[in-house]
Amino acid sequence: MGSEKKLIELDDALSRMLASIAPLTQTELIPIQQAHGRVLAREVRSALNVPSFDNSAMDGYALRCMDVSEADIQNKKAFAVSQRIAAGDTGEAVQAGTLVRIFTGAPVPPGADAVIQQEHVTLQEGGLAVLDRLPRFGDNIRRAGEDIEAGAVVIEAGKRLSTVDIGVAASVGQAELEVFRRPKVALFVTGDELTEPGHPLKPGSIYNSNRYVLNDLLHQMGCDVSDLGILQDSLPVVQDALQQVAQEHDLILTSGGVSVGEEDHVKQAVTNLGRIELWKLAVKPGKPLAFGQVNWPDEKGHAWFIGLPGNPVASFVTFLLAVRPFLQKLSGRPVSPRHAVQLQASFSVKTKERREFLRARMNDDGLVELYPNQSSGVLTSMAWAQGLVDIPARTEVHPGDQVSYIRLSELST
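Basically the working numbering = 1-based index in the sequence shown + 114.
Here's what the structure looks like:
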């Protein structure tokens, strides 16, 4: 009980971690074809209207509304078709009392103020056309600048670029975008008990899942990852490995080795090479998280260090809660808050001295249910879960109570 008083609250730890770092400032200019998932360093401002000219939203006939009366419709007056404009063509001014055959995306000819859909036009012999409805001013015309006005900012700096963003950039003529460089992350996992998938298990060993989960999460975050495999549980080995990678990376991320066991050497290695700024969170799962820095060999700089727990669920959850916002800020993005919704619980639970994040999902009745086994080593609980229930310390929950539910999609990268 007394040792729990030394634990750091999650939000306090995260505030301290974020206050310690500044976003990366180095940028590069890349083709838009390579920009998906990158973080924009300089806003994109349009130099032109989009569309850049009034154009037809339909296949039909452009005309001047003043040339068509209600009587013309009732009397089935036939109009001459004076010209034809396809997309990519340029037309001449519309002649008074005539129609202009026009196609979707084609420029509206000068003088025309409406386009009537071809479904409302009947063609007669001799190329004459009869309308079955009265056009209204502006019908089916996409105005210049209707989508984007010249001078408008279309993508803000700091945005992680999506497929649609790339399309928007292309629509204003941008062939290249200035983006922040990717964060460089060195990834280690520790544990002599770990065996790589594809190899037979030895007595007392387990397959290494954290390496692959964390590697994938880092790539989803847009990081440049150096996957350095499994480190032997030896202080000299761990210390040498950390020192070798510090100068070439922004962050060293490890899994395991930051607890209090005799074979947990990572925390001591970081202390020897730099410093630990915080250790042990008041959360479950994920208590033995460590944050600090590893100095370069010449001590003119440092790499940041985050040590995650070795248990698979604890490693996964603490990555989402702590590493994700850390990398968002480091990469030049806004830090996304954790959005929780209030839902009814279908379960009973009583927390002790730590805030708990329980693997959960919403059932067909709209109630939150928990995975039966909440052990931090049960990775299948994360595969089953659609969210996390955030329960404060020293809290009792009963069926029907409101609980804070964080969708895993809200914690996406």
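Glycine included, every Cβ here is placed at the ideal spot set by N, Cα and C.
Contact annotation: the region 284 to 294 does not touch the region 348 to 362, with fewer than three C-beta pairs closer than 8 angstroms.
Here residue 483 is not near residue 508, since their CB atoms are 9 angstroms or more apart. Annotation: the continuous alpha helix (DSSP H) that includes residue 432 extends over 426 to 432. Only buried fits residue 365, as 16 or more other CB atoms lie within 10 angstroms of its CB.
For residue 175, DSSP records a beta bridge to 215 and 230. Per DSSP, reduced to three states, the secondary structure at residue 410 is coil, with no helix or strand assignment. Cβ atoms of residue 373 and residue 402 come within 8 angstroms of each other, at about 4 angstroms. By the Cβ-count criterion, residue 167 is exposed, with fewer than 16 other Cβ atoms from all chains shown falling within 10 Å of its own Cβ. Annotation: the region 270 to 342 contains the following complete segments of the beta strand (DSSP E) (minimum length 3 residues), in chain order: 290 to 294 and 298 to 304. Its chain contains 471 and 520 as the residues whose beta carbon lies nearer than 6 angstroms to that of residue 502, once the 5 sequence neighbours on both sides are disregarded; these appear in chain order.
Contact annotation, residue 218 with residue 261: C-beta distance approximately 15 angstroms; criterion of less than 8 angstroms not satisfied. Measuring C-alpha to C-alpha distances from residue 159 to each of 319, 330 and 288 identifies 288 as the nearest. When C-alpha distances from residue 335 are compared across 126, 527 and 122, the shortest belongs to 527. Remark: C-beta atoms of residue 426 and residue 299 do not approach each other more closely than 9 angstroms. Two segments are said to touch when three or more pairs of C-beta atoms, one from each, lie closer than 8 angstroms; by this definition the region 128 to 140 does not touch the region 254 to 270. With a 10 Å radius around the Cβ and a threshold of 16 neighbouring Cβ atoms, residue 387 comes out buried.
Per the coordinates, the alpha-carbon of residue 493 lies some 13 angstroms from the alpha-carbon of residue 500. One thing to note: residue 332 has its Cβ no nearer than 9 angstroms to the Cβ of residue 308.
Here the region 338 to 347 makes no contact with the region 390 to 410; the two share fewer than three CB pairs at distances below 8 angstroms.
For residue 141, the pairing in a beta bridge is given by DSSP as 294. If you draw a straight line from the Cα of residue 130 to the Cα of residue 324, it is about 26 angstroms long. Residue 449 counts as exposed, since fewer than 16 other C-beta atoms from the protein chains shown sit within 10 angstroms of its C-beta. The beta carbon of residue 379 sits closer than 6 angstroms to those of 349, 352 and 371, all from its chain and outside the five residues before and after it, given in chain order.
Around the beta-carbon of residue 480, fewer than 16 other beta-carbon atoms lie within 10 Å, marking it exposed. The residue from 269, 176, 182 and 455 with its alpha-carbon nearest to that of residue 224 is 176. Just so you know, the alpha carbons of residue 250 and residue 187 end up roughly 13 angstroms apart.
Within the same chain, 400, 403 and 422 come within 6 angstroms of residue 432 by CB-CB distance, once the 5 residues on both sides are set aside.
Residue state for residue 263 is assigned as coil, using DSSP reduced to three classes. Secondary-structure assignment with DSSP links residue 197 through a beta bridge to 214. The criterion of a C-beta distance shorter than 9 angstroms is satisfied by residue 170 and residue 220. Annotated as proximal: residue 438 and residue 525, with beta-carbon spacing under 9 angstroms. Taking the CA atoms as reference points, residue 452 sits about 21 angstroms from residue 465. Per DSSP, the beta bridge partners of residue 164 are 262. Close CB contacts of residue 203 within its chain, under the 7 angstroms cut and outside five residues either way in sequence, are with 220 (chain order). Counting C-beta atoms within 10 angstroms of its own C-beta, residue 446 has 16 or more neighbours from the protein chains shown and is therefore classed as buried.
Here the alpha carbon of residue 475 sits roughly 32 angstroms from the alpha carbon of residue 120.
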